[in-house]
Every structure is written in structure tokens, then in C-alpha cells.
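Counting from 1, position 74 in the sequence shown corresponds to residue 628 in my numbering; the numbering is continuous, with no gaps.
Please read the structure below before turning to the comments.
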Amino acid sequence: MNEQNLPPYTSYPAPLPTSTMATVSLISGILGFFILPLLASVVALITGYKARQETRSVPPTASGDGMATAGIIMGWIQIGLVVVGVCCLIAYFGFFAAWIASSQ
555 MNEQNLPPYT SYPAPLPTST MATVSLISGI LGFFILPLLA SVVALITGYK
605 ARQETRSVPP TASGDGMATA GIIMGWIQIG LVVVGVCCLI AYFGFFAAWI
655 ASSQ
């Protein structure tokens with residue numbers, strides 16, 4: 555291609571900064587599997603939805619929509635696991651309470 559056809563200076567738009575909320579959402583979503591699952595999942599959900607507002611605004615003010623989505627997904631998975639765990643714990647104690655009551 556002939557370089558004479560190109561404009562002398564081509565400016566590209568500056569890349570958007572990554573949303574801090576998206577980063578916090580992703581980190582708390584990951585940490586929620588290991589440390590304080592309920593608290594970290596709530597933080598992941600709140601910051602994830604706020605980050606998605608930033609990244610999906612018109613015009614977007616930050617990038618990181620994928621990180622926010624990942625944090626939201628991990629937050630909901632952790633909430634589901636906590637609910638299943640609590641149900642299993644209730645069933646466990648209910649089973650033994652019924653077993654002790656029937657043996658007397």
C-alpha cells in the first residue's frame with residue numbers, strides 16, 4: 555500500500571480505564587469460595603452490578619464488563635451454595651432429632 559494515501563497523523567482514542575468496582579467484584583467473588591462466603595458474595599453482587607452500570611452507560615466511563623459479570627455469577631453461585639448448605643444442615647439436625655425422639 556502506498557503511504558502517500560494515509561493521513562500524516564492518526565490519533566486513536568485512549569483506552570478506557572478498568573472499573574475499580576469490576577475488579578473488586580471479581581476479587582471478592584474468587585475469595586468468597588475460600589474466606590467468608592456469604593459476605594464476599596454479597597460484596598461481589600453489589601459491586602458487580604454497580605460496575606455494570608459504569609461499563610454499560612452511554613458513553614461508557616470504564617471497561618471491565620466481563621470482570622463484573624464474572625463477579626456477579628460467582629456471587630450468585632456462592633449464595634446458592636450457602637442456601638443448599640443451610641438446608642442440608644437443617645435436614646441433618648432434623649434427622650437426628652427425629653431419630654433421638656423415636657428411640658426413646
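Backbone N, C-alpha and C fix where the C-beta goes; we use that ideal spot for every residue, glycine too.
#1: Helix, strand or coil: which one does DSSP assign to Thr615?
#2: May I have the straight-line CA-CA distance separating Tyr603 from Phe649, to the nearest angstrom?
#3: CA-CA distance, Ala576 and Gly634?
#4: Of the residues Cys642, Ala598, Arg610, which one's Cα is nearest the Cα of Gly625?
#5: Which value, in whole angstroms, describes the spacing of the CA atoms of Thr574 and Ala605?
#6: I'd like to know whether the C-beta atoms of Ala616 and Thr564 end up nearer to each other than 8 Å.
#7: Under a three-way DSSP split, which group does Thr609 fall into?
#8: When you compare only the Cα positions, how much space is there between Ser657 and Val640?
#9: Over the uninterrupted alpha helix (DSSP H) stretch that includes Ala576, give me the two end residues.
#10: So, using beta-carbon positions, are Ser582 and Thr609 closer together than 8 Å?
Judging by the given coordinates:
#1: Thr615 sits in coil when the DSSP states are folded into three classes, being neither helix nor strand.
#2: Each residue's alpha carbon lies about 39 Å from the other.
#3: When rounded, the distance between both Cα atoms is 21 Å.
#4: Among Cys642, Ala598, Arg610, the Cα nearest to that of Gly625 belongs to Ala598.
#5: Taking the Cα positions, Thr574 is about 8 Å away from Ala605.
#6: It is not a contact, given that the beta carbons lie outside the stated cut-off.
#7: Note: Thr609 maps to helix in three-state DSSP.
#8: Going from the Cα of Ser657 to the Cα of Val640 covers about 26 Å.
#9: The continuous alpha helix (DSSP H) containing Ala576 extends over residues 574-585.
#10: Cβ distance not < 8 Å, so Ser582 and Thr609 don't count as in contact.
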